[in-house]
Amino acid sequence: MKATILVVDDVPENIDIFVEILAPHHRTKVALNGERALRIARSDNPPDLILLDVMMPGLSGYQVCERLKADPDTRAIPVIFVTAMSETADEQRGLELGAVDYITKPISPPIALARVRTHLALHRQRQELARQVEQRTAELLRTRQQIVRRLSRAAEFRDNETGNHIVRMSHIARLIAQAAGMGAEFVETLFNAAPMHDIGKIGIPDSILFKSGRLEPEEWAIMRRHTEIGAKIIGRHDDDLLKAAHSIALHHHEKWDGSGYPQGLGGEEIPLMARIAAVADVFDALTSARPYKKAWPLEEAVGYIEAQAGTHFDPALIGPFRRSLGEIARIVERYADHQGPCLDFDP
């Protein structure tokens, strides 16, 4: 497909010259002022390259270039300044503003066409590289998500009382975050990190993890260490997913009033993802059957969550939790333990 070149100049004759040069090889759009050029650049069909005059009434070419480069939707469009200003300082200023080249008037048609072709080719190479990087990044993210989920499932299989807990808990956390108005990136990171919340139970001795009776105080102290063990297993990373998983594993047993563990954080000191995970974790534990207890009816579990607002749970999350109950009930049924172990997290 032919590339689209936007020619911006306040002198119609100059535009005519460029259109005549470019028309056999490229599609052209024209603008007689900077305001019009910006509208075209921000349209649904932006140009592939812009030839931009510097000295224009209203917005100068420099100002237009500044606005293009400040806008994420247009900053990647290559800009070539076309002007009679030929001083080195003028060229330096244009390049510092983000232009890729500088053509002086009067123009040479072969040179102008060659410059356009060169920068279009470079632009396409950058686009293809960006596409490949984006594709590879997405593949790495999917791989990382699968590793997190499989490792979480390995821990869940060891703690064989909990069935599909991590799947339900992750979905419930996502629903609460959505209802609370969190952004899509936050919601998906939470959803993919939440399965790791109890990974530290791998490090708890079997005699404690599988004990059927009430834990003694010293045994309970060891059990509580699963939060710190989980954080150590995950480690500290710059990656957003693993950073979130570390935070949730370490802090999902903190309480709003500061009486939780392991650090006794309170209120907004507790990371938001961990606060959301705490609601989802406790709710699912209450509504799930265990060898030592029956599953609570939905409304009783909801009543408990509401009663613990301001002590165990962030009060601001109770409304979003309430608004999500219809979808939460669907998740509880879809991933019920009697359905057998679920190895995927699809809704």
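Residue numbering for the sequence shown follows the UniProt record's numbering, starting at 1 and increasing by one per position. Glycine is no exception: its CB is placed at the ideal position from the N, C-alpha and C atoms.
(message) Please state the DSSP three-state secondary structure of residue 5.
(response) strand
(message) Are the CB atoms of residue 52 and residue 100 within a distance shorter than 8 Å?
(response) no
(message) Restricting to Cα atoms, I'd like to know which of 177, 200, 199, 202 is closest to residue 190.
(response) 177
(request) Any chance you could list the alpha helix (DSSP H) runs of at least 4 consecutive residues sitting entirely within the stretch 134-216, in chain order? (result) 165-179, 184-193, 206-209
(request) With a cut-off of 8 Å on the beta carbons, I'd call residue 48 and residue 15 a contact; round off their distance for me. (result) Not confirmed; about 18 Å, so no contact.
(message) Output needed for residue 243: all residues of its chain with C-beta closer than 8 Å, excluding positions within five of it in sequence on either side, in chain order.
(response) 236, 237
(request) For the beta strand (DSSP E) containing residue 317, list its first residue and its last residue. (result) Run containing residue 317: none; DSSP gives neither H nor E here.
(message) Let me confirm a value: residue 254 is counted as buried when at least 16 other C-beta atoms fall within 10 Å, else exposed. Which label applies?
(response) buried
(request) Give the DSSP-derived three-state secondary structure of residue 284 in the structure shown. (result) helix
(request) Taking 8 Å as the threshold, find out whether the stretch 280-295 comes into contact with the stretch 164-183 through three or more Cβ pairs. (result) yes
(request) Write down every uninterrupted run of the beta strand (DSSP E) in the stretch 59-105 whose length is 3 residues or greater and which is fully enclosed by it, in chain order. (result) 79-83, 101-104
(request) Could you tell me if residue 45 is buried or exposed, where buried requires 16 or more neighbouring beta carbons within 10 angstroms of its beta carbon? (result) exposed
(message) Mapping the DSSP letters down to three states, classify residue 270 as helix, strand or coil.
(response) coil
(request) Pick out whichever of 27, 262, 69 has its Cα sitting closest to the Cα of residue 227. (result) 262
(request) Kindly indicate which three-state DSSP category residue 31 falls into: helix, strand or coil? (result) strand
(request) Out of 26, 69, 61, point me to the one whose CA is closest to residue 42's CA. (result) 69
(request) Hey, could you find the ends of the alpha helix (DSSP H) residue 378 is sitting in? (result) With the chain covering 1 to 347 only, the question about residue 378 has no answer from this structure.
(message) Quick check on the DSSP output: the alpha helix (DSSP H) that includes residue 16 runs from which residue to which?
(response) 12-22
(request) Please determine if the stretch 260-275 and the stretch 287-305 are in contact, where contact requires at least 3 C-beta pairs separated by less than 8 Å. (result) no
(message) Below 8 Å, how does it come out for the stretch 111-127 and the stretch 209-226: are there three or more Cβ pairs, yes or no?
(response) no
(message) Helix, strand or coil for residue 129? Go by DSSP, reduced to three states.
(response) helix
(request) Whole angstroms is fine: what's the gap from residue 211's alpha carbon to residue 203's? (result) 15 Å
(message) Please classify residue 24 as buried or exposed, where buried requires at least 16 other C-beta atoms within 10 Å of its C-beta.
(response) exposed
(message) Tell me the residue span of the beta strand (DSSP E) that contains residue 353.
(response) For residue 353 there is no data in the structure shown, the boundaries of the chain being 1 and 347.
(message) Rounded to the nearest angstrom, what separates residue 327 and residue 275 at their Cα positions?
(response) 20 Å
(message) In whole angstroms, give me the CA-to-CA distance for residue 251 and residue 136.
(response) 32 Å
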